[in-house]
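Asker: Could you have a look at this structure, given as structure tokens, before my questions?
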Amino acid sequence: MITLATSVFGIVLCKGEIIKTSVHGPTGKISYKDEGFGGMPVVFIHSFGGNVSHWQEIKESLIPSRRVVRIELRGHGDSEFPKDGDYRISSMAQDLATVVNLLGLQRFVLVGHSMGGSVALQYAGENPSRVAGLVLVDSNGDPKKLPESIRTQIKNALYSDAYVQTTEDYWEQLLANSRSEVKERLMGELTRTPKDMVIKITSELLDYDPNHSLKRYVGPKLAIVTSENDDQFALHRLHLGFPHTVVANAGHWLQLDQPEEFRNILETFLQKF
């Protein structure tokens, strides 16, 4: 039988454990899950088009000994779309800040996948003393390494009649090495993402420069990447560089394709904290 202890600002406690949570963020409701107790907390940020369920298998092995917080950024999962249409990386980092400040997390390990990695890196650069460790999962390198003409061409295609073909081709590329059930699930999620959101976030990622945050955050870092994201322009080779691990036989959502391997790599990193 569920005993309701308290419910305030969307926080519901069940026998001392938070099971459903939300907070008023800078531009609307931000949803998150807060589970587990003890140890250095771990905060997870999903990819573009993602939600907290992308970390479900990974968090199960952590919550017996650690507090785990999974955040849904604006416009994702149960979080509200921003009233001002703002999807800047720096603004989404404020969604993250709102949650960890509400929870009183003074120091924690931050894990971000893809776009979520850019958000996590931005937050770490702005708050280096609060991030004990940073794990960036198949996140973007420096888009400025691409010729400006190519970045402009991609943006123009998103605003053209080729929008559907452009986005679906890109997602197919990211999911080319994924297991069939993962690919089917994610294509369903991605194709439901509003066009305005896709255009704004893609454009933001094509212009986002990670170098400033890499210089500011000098704490422990690890990149977990696919082989396709291990080239000379990869995030883990920018600035001074930092350690990385390649996960084979996986698409871009490698924590879903190879959850056991991903979990082992992450837990090894977390042993430092």
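Residue numbers for the sequence shown follow UniProt numbering, beginning at 1 and rising by one.
Glycine included, every Cβ here is placed at the ideal spot set by N, Cα and C.
1. Less than 8 Å between C-beta atoms, sequence neighbours within five positions excluded: which residues of the same chain meet that for F81?
2. Buried or exposed for G150, going by 16 or more other Cβ atoms inside 10 Å?
3. Is it the case that the region 132–146 contacts the region 105–112, given that we only count it when at least three CB pairs across the two stretches are under 8 Å?
4. Please state if the CB of A223 and the CB of L235 are separated by a distance shorter than 8 Å.
5. Fully enclosed by the region 82–160, which beta strand (DSSP E) runs are 3 residues long or longer?
6. Considering only residues of the same chain and omitting the five flanking positions on each side of S61, which have a CB-CB separation below 8 Å?
7. Looking only at its own chain, which residues have a Cβ that is under 7 Å from the Cβ of Q122, when we skip the five neighbours before and after it?
8. Return the Cβ separation of K183 and L175 in integer angstroms, given the expectation that the two are a contact with Cβ distance under 8 Å.
9. How big is the Cα-Cα spacing for I199 and Y163?
10. Report all residues from its chain with a CB closer than 7 Å to the CB of F48; omit the five preceding and five following residues, and keep chain order.
11. Thinking C-alpha only, which one of L103, P26, N101 and L240 is nearest G85?
12. Please list, in chain order, all residues of the same chain as S118 whose beta carbon is under 8 Å from its beta carbon, the five residues on each side excluded.
13. Please classify S31: does DSSP put it in a helix, a strand, or coil?
14. Just how far apart, CA to CA, sit R130 and P143?
Answerer: This is what the structure gives:
1. G28, R74, G75, P194 and M197
2. Reading off the sequence, residue 150 comes out as Ile, not Gly. So I150 counts as exposed.
3. yes
4. Contact flag set, yes.
5. 108–113 and 131–137
6. R263 and E267
7. I89, S90, A93 and S213
8. That belief holds up - the Cβ atoms of K183 and L175 are roughly 4 Å apart, short of 8 Å.
9. 9 Å
10. S114, M115 and I201
11. It is P26.
12. I89, G112, S139, N140, L205, Y208 and P210
13. strand
14. 27 Å
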